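Read left to right, the sequence shown gives residues 11 to 284 (the working numbering).
C-beta: ideal position from N, C-alpha, C; glycine also.
None of the values given here were measured: they were computed from a predicted structure.
Below: one structure, written as structure tokens.
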Amino acid sequence: MTYKMIVLDLDDTLLRDDGTISPRNKQALMAAQKAGVKVVLASGRPTYAMKALADELELERFGSYILSFNGAKIINWKTREEPFSSTLTPETAHALYELSMEEGVSALTYVGDDIVTEQANEYTHIEAQITGMKIVEVPSFIEAVQVPVVKVLMVENPDKLVRVEEKLKAKLTGKLNVMRSKPFFLEFTENGVNKGTSLNHLINQLGIERSEVIAMGDGYNDVAMLEFAGLGVAMGNAPEEIKQLADYVADTNMNDGVAQVVESFILNDLIPAT
Numbered sequence: 011m012t013y014k015m016i017v018l019d020l021d022d023t024l025l026r027d028d029g030t031i032s033p034r035n036k037q038a039l040m041a042a043q044k045a046g047v048k049v050v051l052a053s054g055r056p057t058y059a060m061k062a063l064a065d066e067l068e069l070e071r072f073g074s075y076i077l078s079f080n081g082a083k084i085i086n087w088k089t090r091e092e093p094f095s096s097t098l099t100p101e102t103a104h105a106l107y108e109l110s111m112e113e114g115v116s117a118l119t120y121v122g123d124d125i126v127t128e129q130a131n132e133y134t135h136i137e138a139q140i141t142g143m144k145i146v147e148v149p150s151f152i153e154a155v156q157v158p159v160v161k162v163l164m165v166e167n168p169d170k171l172v173r174v175e176e177k178l179k180a181k182l183t184g185k186l187n188v189m190r191s192k193p194f195f196l197e198f199t200e201n202g203v204n205k206g207t208s209l210n211h212l213i214n215q216l217g218i219e220r221s222e223v224i225a226m227g228d229g230y231n232d233v234a235m236l237e238f239a240g241l242g243v244a245m246g247n248a249p250e251e252i253k254q255l256a257d258y259v260a261d262t263n264m265n266d267g268v269a270q271v272v273e274s275f276i277l278n279d280l281i282p283a284t
């Protein structure tokens with residue numbers, strides 16, 4: 011099988027635990043791009059928090075793409091055009107804030123390049139550390155959010171958040187997309203928007219078949235794209251239920267699992283047999 015695109019989650023997939031791309035992973039992805047394979051970064055991160063990694067992999071030079079906000083935005087990194095973009099209305103963001111108050115969890119969203127929340131806590135600080143964005147504590151979430159936003163997060167300790175997730179999924183099914191990106195992050199985007207549906211938009215635009223796509227991830231928010239892609243790859247550090255859904259299980263993010271897949275399924279096929 012000849013693969014034309016590889017789609018990569020960032021945290022705990024492409025990135026090592028310190029948030030960097032290993033030399034082997036970078037070398038493999040650069041070789042794939044030079045051979046004409048599209049490298050697509052697909053993350054729950056805001057666009058701002060993906061820029062440096064997109065630039066490190068020279069996505070602009072090769073006309074590759076990023077899927078930010080769990081697929082709510084597709085961005086052509088060469089032209090900066092957005093062939094797909096999804097937002098929540100201010101009223102929807104306000105309603106989610108009210109639900110977070112009812113459930114006793116914190117809510118945050120993004121306005122410009124800032125993280126907006128009423129009260130910063132250990133989980134909002136984790137988001138700030140991951141994204142490199144500034145936390146702005148506001149006296150009123152509702153007053154601060156008066157423009158459409160891409161997504162809203164509820165953040166809390168995992169044991170409590172899993173109960174909130176079950177309750178709100180039942181309540182909001184068919185109205186919003188509800189997914190866990192990390193054990194302590196519960197994300198809300200427009201209904202029907204996830205990494206899988208976003209990937210479908212992208213390949214239709216580029217004329218690439220599902221069978222020609224590899225997708226790699228480790229989290230629950232990666233399931234849609236792993237199931238959509240021709241080859242869905244779970245990382246060795248993924249939860250067992252994610253591995254069970256995948257077509258292939260790679261090594262861990264700390265052991266160059268991405269490079270292993272690129273070398274085995276893409277680069278080796280480019281080397282003529284002797």
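Which first and last residues belong to the beta strand (DSSP E) in which residue i is found?
i: Gly-227; result: 223-227
i: Ser-116; result: 116-121
i: Lys-14; result: Here Lys-14 belongs to no beta strand (DSSP E), and DSSP marks it neither H nor E.
i: Thr-97; result: Premise fails: Thr-97 is in no beta strand (DSSP E) and is neither H nor E.
i: Phe-198; result: 195-200
i: Ile-76; result: 75-78
i: Gly-267; result: Careful: Gly-267 lies outside any beta strand (DSSP E), inside the alpha helix (DSSP H) at 267-272.
i: Gly-242; result: 241-244
i: Ile-85; result: 83-86
i: Ile-145; result: 144-147
i: Ile-136; result: Unbroken run through Ile-136 is the alpha helix (DSSP H), 132-141; no beta strand (DSSP E).
i: Arg-90; result: Premise fails: Arg-90 is in no beta strand (DSSP E) and is neither H nor E.
i: Arg-190; result: 186-192
If you drop the 5 nearest sequence neighbours on each side, which residues of the same chain put their C-beta closer than 8 Å to that of residue i?
i: Gly-122; result: none
i: Asn-131; result: Ser-116 and Val-165
i: Ser-221; result: Met-11 and Gly-240
i: Gln-215; result: Pro-93
i: Asn-204; result: Asn-80, Gly-81, Asn-187, Met-189, Asn-231, Ala-234 and Met-235
i: Met-60; result: Leu-20, Leu-51, Ser-53, Ile-76 and Ser-78
i: Thr-99; result: Pro-158
i: Thr-141; result: Arg-55, Pro-56, Tyr-58, Ala-59 and Ile-125
Counting only the same chain and skipping the five closest in sequence on each side, list residues whose C-beta sits under 6 Å from that of residue i.
i: Tyr-120; result: Pro-56
i: Glu-70; result: Trp-87 and Lys-88
i: Ser-95; result: Lys-83
i: Asp-232; result: Asp-19
To which residues of the same chain is residue i closer than 7 Å at the C-beta, ignoring the five residues directly before and after it?
i: Val-47; result: Tyr-13, Lys-14, Met-15, Ile-16 and Ile-276
i: Pro-168; result: Pro-193 and Phe-194
i: Asn-201; result: Gly-184, Lys-185, Leu-186 and Asn-187
i: Lys-253; result: Ala-244 and Val-259
i: Gly-114; result: none
i: Ala-283; result: Model confidence at Ala-283 stands at a pLDDT of 39, short of 50, so the residue's coordinates are unreliable; what they give is reported in the following sentence. Excluding positions up to five away in sequence, the list is empty.
If you draw a straight line from the alpha carbon of residue i to that of residue j, how long is it in whole angstroms?
i: Ala-234; j: Ser-150; result: 34 Å
i: Pro-33; j: Phe-72; result: 19 Å
i: Asp-19; j: Lys-44; result: 21 Å
i: Gly-54; j: Glu-219; result: 24 Å
i: Tyr-58; j: Asp-21; result: 15 Å
i: Asn-35; j: Ile-152; result: 42 Å
i: Gln-270; j: Asp-65; result: 22 Å
i: His-211; j: Leu-67; result: 23 Å
i: Asp-257; j: Thr-127; result: 39 Å
i: Gln-180; j: Asn-278; result: The residue asked about is misnamed: residue 180 is Ala in this sequence, not Gln. Approximately 45 Å between the Cα atoms of the pair.
i: His-135; j: Leu-118; result: 11 Å
i: Ile-145; j: Tyr-107; result: 17 Å
i: Tyr-133; j: Leu-25; result: 20 Å
i: Glu-250; j: Leu-171; result: 20 Å
Would you grab the beta carbon distance between residue i and residue j for me? Rounded to a whole angstrom, and I think it's under 8 Å.
i: Leu-163; j: Leu-109; result: The Cβ separation is near 12 Å, so there is no contact.
i: Phe-198; j: Asn-187; result: 7 Å
i: Ile-125; j: Met-111; result: Wrong, their Cβ atoms sit about 18 Å apart, outside the cutoff.
i: Glu-175; j: Leu-196; result: 5 Å
i: Asp-228; j: Thr-23; result: 5 Å
i: Phe-238; j: Gly-217; result: At roughly 16 Å, the Cβ-Cβ gap does not stay under 8 Å, so Phe-238 and Gly-217 are not in contact.
Flag residue i as yes if its beta-carbon sits less than 9 Å from any beta-carbon of chain B, otherwise no.
i: Pro-93; result: Here there is only one protein chain, and chain B is not present.
Could you pull the start and end residues of the alpha helix (DSSP H) that residue i belongs to?
i: Lys-170; result: 168-182
i: Lys-61; result: 61-66
i: Thr-262; result: Neither: Thr-262 is in no alpha helix (DSSP H) and is coded neither H nor E.
**contact_flag[the region 263-270, the region 235-252] where n(CB pairs < 8 Å) is 3 or more** = yes
**Asked** Do the region 143-160 and the region 21-41 meet, that is, are 3 or more Cβ pairs less than 8 Å apart?
**Response** no
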